[in-house]
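K.L.:
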Amino acid sequence: MLTLVFMFVFMFGEVAVLDNGLALRPPMGWMSWGYYMCSVDCDSNPNKCLNEKLILSVADTFYNDGYLDAGYEYIIIDDCWAEKERDKLGRLVPDHKRFPHGMKYIADYIHSRGLKFGMYTNVAEVTCMRYPGSKDHFYIDSKSFAEWGVDYIKVDGCFVGEEFLNTAYIKFGQHLNATGRPIVYSCSWPYYIEFIHKKTPNYDVVSHNCNMWRNFHDVVTSWPAIRTIITHYKESYDQVSPYHAPGQWNDPDMLILGTGSLTDNQSRVHIAVYVMLAAPLLLSCDMKKITDYEKQLLLNLDLIAIAQDSLGVMGKPYELQNSVTLWVKPHLPRKGDKYHSVSFALVNLQSESSSVSLTPGSYSLNSTDGYTVMDIFQRKFIRNVTLRDSISVEVPAEDVIIYTLFPL
Ligand code: GLA
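Those letters in the sequence shown? Residues -17 to -1, 1 to 391, per mature numbering (1 follows the signal peptide of the UniProt record, and there is no 0), in order.
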């Protein structure tokens, strides 16, 4: 009888899905890849080197300079951290020279600062940069990550077929769950399905198995890359927004503030759209190179409140006049149970300024007492509006204005 039950469960039983209670808000933090990439030649380039010193210094900056207080929490080592060979027991080994004390030491340091620790692997035999990958080692690698004190794992999908991706990500998640350690599971799965294997991702399955997932190409440190990402999410809103919710986030890849690649206006647009998408906010830069203005943007708590709002709704794009895109995002706090506050971002990606007029009441607002309007970048109260009022503004070239409307 017992055998029959087992057979039944085996053949028809529910596949255990991810329900780890993690990432109820989009993760915030720092990840090495966007800026440091595979900087392993530390003798010739000690100032751009992926090693223990770098990771601990990011933890110190987060702790000392207000980033932790603002919500930046995860410090994630991307590819190129391992020795090229596993040890005799088949375990991954951190590069001896660059990570001399191992990963548990780094995790302990990060945890002692009240922060969380993330790492990277790939479902194939090798990672995208050809370091050892986790294929045939899901159990032992999940165990190592858990023993080291990892809180977040980015799992990449280079070099394998579509079928393999579709089973491997589910299996890897089950192994992570089985460790008993809460580990945020970040998958690159739908990106590879759509852009490498040219198929439509099954977001229903992805969102049941991963806490977040990449949808689009890697960010690079340039304004055209940011513009392309923004346009992609605008165009794929209908496809991806239904799956975006607490514990399950679409991930447009890292923020590139601090890399010297954007003007102040462009930096505003970059962070504003990520905030309106309720995207993970993962910086990738040399923390010492963040300008005063970038720091002010990154630590703007009114902005972060929009991104981290507990409803977790992805902002919706609308085309306004003169090629300005309006992104609308409802969020808490609300008045009673019925009246949400709402953020409006007017985004101008063009190289000339544009005038627009907006009637907030046309976007499902319902407080007949009206709203008070706050400008999030100017950090000041603008005016009160009724449901019928319009707001007319000039949006400068490659710039954005965000208003949050609080119900009166
Ligand atoms: C892929 C990922 C990047 C990064 C690199 C590392 O390209 O999309 O984010 O992790 O691999 O090799």
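Backbone N, C-alpha and C fix where the C-beta goes; we use that ideal spot for every residue, glycine too.
Buried or exposed: where does residue 242 fall if 16 or more other Cβ atoms within 10 Å of its Cβ makes it buried?
P.N.:
Buried, since its Cβ has 16 or more Cβ neighbours within 10 Å.
K.L.:
With distance defined between alpha-carbon atoms, name the residue in 16, 5, 11 nearest to residue 268.
P.N.:
When each option's Cα is compared against that of residue 268, the closest is 16.
K.L.:
Can the beta-carbon of residue 111 be found closer than 8 Å to that of residue 78?
P.N.:
No; because the gap between Cβ atoms is not below 8 Å, this pair is not in contact.
K.L.:
For ligand 1, is there a heavy atom less than 7 Å away from the beta-carbon of residue 112?
P.N.:
At least one heavy atom of ligand 1 is nearer than 7 Å to the Cβ of residue 112, so yes.
K.L.:
Suppose only complete runs of 4+ residues qualify. What are the alpha helix (DSSP H) ranges in the region 334 to 371, listed by chain order?
P.N.:
Runs of the alpha helix (DSSP H) inside the region 334 to 371: none found.
K.L.:
Please classify residue 373 as buried or exposed, where buried requires at least 16 other C-beta atoms within 10 Å of its C-beta.
P.N.:
Label assigned to residue 373: exposed.
K.L.:
Report yes if the C-beta of residue 139 is less than 7 Å from at least one heavy atom of ligand 1; otherwise report no.
P.N.:
Flag set: Cβ of residue 139 near ligand 1.
K.L.:
Identify whether residue 221 lies in helix, strand or coil by the three-state DSSP scheme.
P.N.:
In this structure, residue 221 counts as helix in the three-state DSSP scheme.
K.L.:
Only counting the same chain, and skipping five residues up and downstream in sequence, which positions put a Cβ closer than 6 Å to that of residue 224?
P.N.:
Correct list, in chain order: 297.
K.L.:
Mind reading off the beta-carbon distance from residue 131 to residue 90? Whole number of angstroms is fine, and I expect it under 8 Å.
P.N.:
Indeed, because the Cβ distance is near 5 Å, the residues count as touching under 8 Å.
K.L.:
My output table needs one value for residue 35: the three-state DSSP class, helix, strand or coil.
P.N.:
DSSP places residue 35 in helix when its eight states are reduced to three.
K.L.:
Just the C-alpha distance for residue 117 and residue 124, rounded to the nearest angstrom, thanks.
P.N.:
Between residue 117 and residue 124, the C-alpha separation is close to 7 Å.
K.L.:
With a CB to CB cut of under 6 Å and the five nearest residues on each side skipped, what residues in its chain are close to residue 81?
P.N.:
Counting only Cβ-Cβ distances below 6 Å, and skipping sequence neighbours, we find 34.
K.L.:
Taking only heavy atoms of ligand 1 into account, decide whether any of them is closer than 7 Å to the Cβ of residue 197.
P.N.:
Flag set: Cβ of residue 197 near ligand 1.
K.L.:
Does ligand 1 have even one heavy atom less than 7 Å from the beta-carbon of residue 16?
P.N.:
Indeed, a heavy atom of ligand 1 lies less than 7 Å from the Cβ.
K.L.:
Residue 115 and residue 69: beta carbons closer than 8 Å?
P.N.:
Their beta carbons are under 8 Å apart, which means residue 115 touches residue 69 by this criterion.
K.L.:
Roughly how many angstroms lie between the CA atoms of residue 386 and residue 143, to the nearest whole one?
P.N.:
Near 44 Å, if we compare the C-alpha coordinates of residue 143 and residue 386.
K.L.:
How far does the beta strand (DSSP E) with residue 328 in it extend, from its first residue to its last?
P.N.:
That run of the beta strand (DSSP E) goes 322 to 331.
K.L.:
Residue 148 and residue 188 look like a contact to me (Cβ under 8 Å); what is the Cβ gap, rounded to whole Å?
P.N.:
Contact flag wrong, Cβ pair sits at about 11 Å.
K.L.:
Could you tell me the distance, in whole angstroms, from the CA atom of residue 37 to the CA atom of residue 31?
P.N.:
Those two C-alpha atoms are separated by around 9 Å.
K.L.:
Just to confirm the assignment: which complete beta strand (DSSP E) runs, minimum length 3, are found wholly within the region 223 to 258?
P.N.:
Segments of the beta strand (DSSP E) lying fully in the region 223 to 258: 232 to 234.
K.L.:
Classify residue 84 as buried or exposed, calling it buried when 16 or more other Cβ atoms lie within 10 Å of its own Cβ.
P.N.:
By the neighbour-count rule (16 or more Cβ atoms within 10 Å), residue 84 is not buried but exposed.
K.L.:
So is residue 207 buried or exposed if we call it buried at 16+ other beta carbons inside 10 Å?
P.N.:
Exposed, by the Cβ-count rule.
K.L.:
Judging by CA-CA distance, which residue of 352, 326, 380, 317 is the nearest neighbour of residue 338?
P.N.:
Nearest option by C-alpha distance: 380.
K.L.:
Taking its Cβ as the centre, do 16 or more other Cβ atoms sit within 10 Å of residue -11, making it buried, or is it exposed?
P.N.:
For residue -11, the pLDDT reaches just 41, beneath the cut-off of 50, and the residue's location in the model is therefore unreliable, although a value from the coordinates is still provided. Residue -11 is exposed by the Cβ-count criterion.
K.L.:
Could you give the residue range of the alpha helix (DSSP H) that holds residue 399?
P.N.:
Only positions -17 to 391 of the chain appear in this structure, which leaves residue 399 out of reach.
K.L.:
Can you grab the Cα-Cα spacing for the pair residue 281 / residue 201, in whole Å?
P.N.:
Between residue 281 and residue 201, the C-alpha separation is close to 21 Å.
K.L.:
Tell me, to the nearest whole angstrom, how far the beta carbon of residue 248 is from that of residue 382; I am working on the premise that it is less than 8 Å.
P.N.:
Yes, they are in contact, since the Cβ atoms of residue 248 and residue 382 sit about 4 Å apart, within 8 Å.
K.L.:
Measure from the alpha carbon of residue 294 to the alpha carbon of each residue in 301, 328, 323, then state which is nearest.
P.N.:
The option with the nearest alpha carbon to residue 294 is 323.
K.L.:
What's the C-alpha gap between residue 237 and residue 120?
P.N.:
Rounded to whole angstroms, residue 237 to residue 120 spans 28 Å at the Cα level.
K.L.:
Taking the alpha carbon of residue 174 as the point to measure from, which residue in 8, 219, 157 has its own alpha carbon closest?
P.N.:
Minimum Cα distance to residue 174 is reached at 219.
K.L.:
Does ligand 1 have a heavy atom nearer than 7 Å to the CB of residue 135?
P.N.:
Incorrect: residue 135 has no Cβ contact closer than 7 Å to ligand 1.
K.L.:
What residues are listed by DSSP as bridge partners for residue 65?
P.N.:
Residue 65 pairs with 77.
K.L.:
Is residue 373 helix, strand or coil when you go by DSSP?
P.N.:
Coil, per DSSP.
K.L.:
Give a yes or no on whether the C-beta atoms belonging to residue 307 and residue 325 are separated by under 8 Å.
P.N.:
No, these two residues do not count as a Cβ contact at 8 Å.
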